[in-house]
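Quick note on numbering that gives the first Met the number 0: the sequence shown kicks off at 0 and runs consecutively.
First the structure, in the form of structure tokens, and then the observations on it.
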Amino acid sequence: MNGVKGMDLSQGIQESLQGLLEVSSQANPVEFSVLTQFLKGDNLDFGAFIGVANPDSSNPYGRQVLVNTPALEVMVASWTRGMVCAPHDHGGSLGAVRVLQGRARHWMWRCEDGQLSVTHEETVEAGGVMSCGANLIHSMGDDGAELPLVTLHMYTAGIDHMVVYDVQGERTLVVDGGCGAWVPTAEPQMIRHEGQGFLSPKAVR
Ligand SMILES: [Fe+2]
């Protein structure tokens with residue numbers, strides 16, 4: 000299937016992604032409303048996406064990228080209990096996230112005048128969909144429901160880079176789009192550049 004990472008995918012996932020890939024072949028990037036329509040609807044085999052979750056206990060979540068084209072990125076995140084990701088943006092891409100399993104805790108942040116602060120906090124149950132605007136800074140974690148958190152992420156364009164805030168170290172990092180939303184201590188080559196203090200995404204790019 001064009002644009003899908005070389006892996007054996009179940010028929011459920013192949014059929015689910017086929018519709019999206021057809022749309023993405025006609026529009027670059029995919030329209031945001033199309034993604035939310037897919038994520039809020041019942042056309043996708045959500046159980047099949049849970050089946051490809053790729054846990055990684057050394058990081059806040061394990062990534063399983065299913066599609067990465069200039070027009071569209073699709074990723075399943077399998078969250079580690081007791082860890083939250085770092086506040087980050089998506090390099091200008093629009094995104095939407097559906098909770099497939101478990102319950103998410105979701106924080107929205109503002110970076111202004113050198114200060115990083117939470118503006119909103121919510122919990123999102125399985126079936127809920129979060130929208131991530133182009134300027135959103137957010138973070139997420141597993142909220143401790145019975146089943147561990149698994150989320151399905153879709154972005155309107157392949158993510159080239161992200162701004163990630165190192166809250167403890169008070170640094171602003173620009174990391175490669177292939178990096179997760181954390182300080183890549185084990186893979187420092189993922190850091191494209193960094194600034195001291197908390198800088199707005201516009202200031203650091
Ligand atoms: Fe994100």
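We treat Cβ as the ideally placed atom computed from N, Cα and C, and that holds for glycine.
Closest residue to residue i among the options (Cα-Cα distance)
{"i": "Glu21", "options": "Leu71, Gly11, Leu8 and Ser57", "result": "Leu71"}
{"i": "Val64", "options": "Met74, Gly126 and Asp55", "result": "Met74"}
{"i": "Val51", "options": "Asp41, Ser32, Leu34 and Ser77", "result": "Ser77"}
{"i": "Tyr164", "options": "Leu38, Cys84, Ile158 and Ser15", "result": "Cys84"}
{"i": "Ser9", "options": "Arg80, Val128, Ile49 and Ser23", "result": "Ile49"}
{"i": "Asn46", "options": "Val29, Leu115, Glu14 and Gly61", "result": "The residue asked about is misnamed: residue 46 is Gly in this sequence, not Asn. Checking every option, the nearest Cα to that of Gly46 belongs to Glu14."}
{"i": "Val149", "options": "Gly126, Leu19, Pro69 and Thr171", "result": "Gly126"}
{"i": "Tyr206", "options": "Asn42, Arg80 and Pro187", "result": "With the chain covering 0 to 204 only, the question about residue 206 has no answer from this structure."}
{"i": "Met82", "options": "Pro183, Met139 and Gly157", "result": "Met139"}
{"i": "Leu43", "options": "Glu111, Thr68, Phe197 and Leu151", "result": "Leu151"}
{"i": "Cys131", "options": "Tyr154, Ser116 and Gly113", "result": "Tyr154"}
{"i": "Leu146", "options": "Glu124, Val128, Ile136 and Ala202", "result": "Glu124"}
Residue i (DSSP reduced to helix, strand or coil)
{"i": "Glu111", "result": "strand"}
{"i": "Glu124", "result": "coil"}
{"i": "Gln10", "result": "helix"}
{"i": "Gln25", "result": "helix"}
{"i": "Gly194", "result": "strand"}
{"i": "Ser32", "result": "helix"}
{"i": "Ala52", "result": "coil"}
{"i": "Ala95", "result": "strand"}
{"i": "Ser57", "result": "coil"}
{"i": "Ala103", "result": "strand"}
{"i": "Gln63", "result": "strand"}
{"i": "Gly18", "result": "helix"}
{"i": "Asn1", "result": "With a pLDDT of only 46 at Asn1, under 50, the local geometry of the prediction cannot be trusted, and no value is derived from it."}
{"i": "Met82", "result": "coil"}
{"i": "Leu135", "result": "coil"}
{"i": "Val203", "result": "helix"}
Cβ-based burial, residue i [other Cβ within 10 Å; buried from 16]
{"i": "Asn1", "result": "Only weak support is given to the placement of Asn1: the predicted model assigns it a pLDDT of 46, under 50, and the question is left unresolved by the model."}
{"i": "Val96", "result": "buried"}
{"i": "Asn27", "result": "exposed"}
{"i": "Pro200", "result": "buried"}
{"i": "Gly194", "result": "exposed"}
{"i": "Thr122", "result": "exposed"}
{"i": "Ala103", "result": "buried"}
{"i": "Gln100", "result": "buried"}
{"i": "Thr118", "result": "exposed"}
{"i": "Ala180", "result": "buried"}
{"i": "Gly168", "result": "exposed"}
{"i": "Leu172", "result": "buried"}
Closer than 7 Å: residue i CB and nearest ligand 1 heavy atom
{"i": "Ala180", "result": "yes"}
{"i": "Ala119", "result": "For the sequence presented, residue 119 should be read as His rather than Ala. Result no, Cβ not under 7 Å from ligand 1."}
{"i": "His160", "result": "no"}
{"i": "His89", "result": "yes"}
{"i": "Cys131", "result": "yes"}
{"i": "His105", "result": "no"}
{"i": "His192", "result": "no"}
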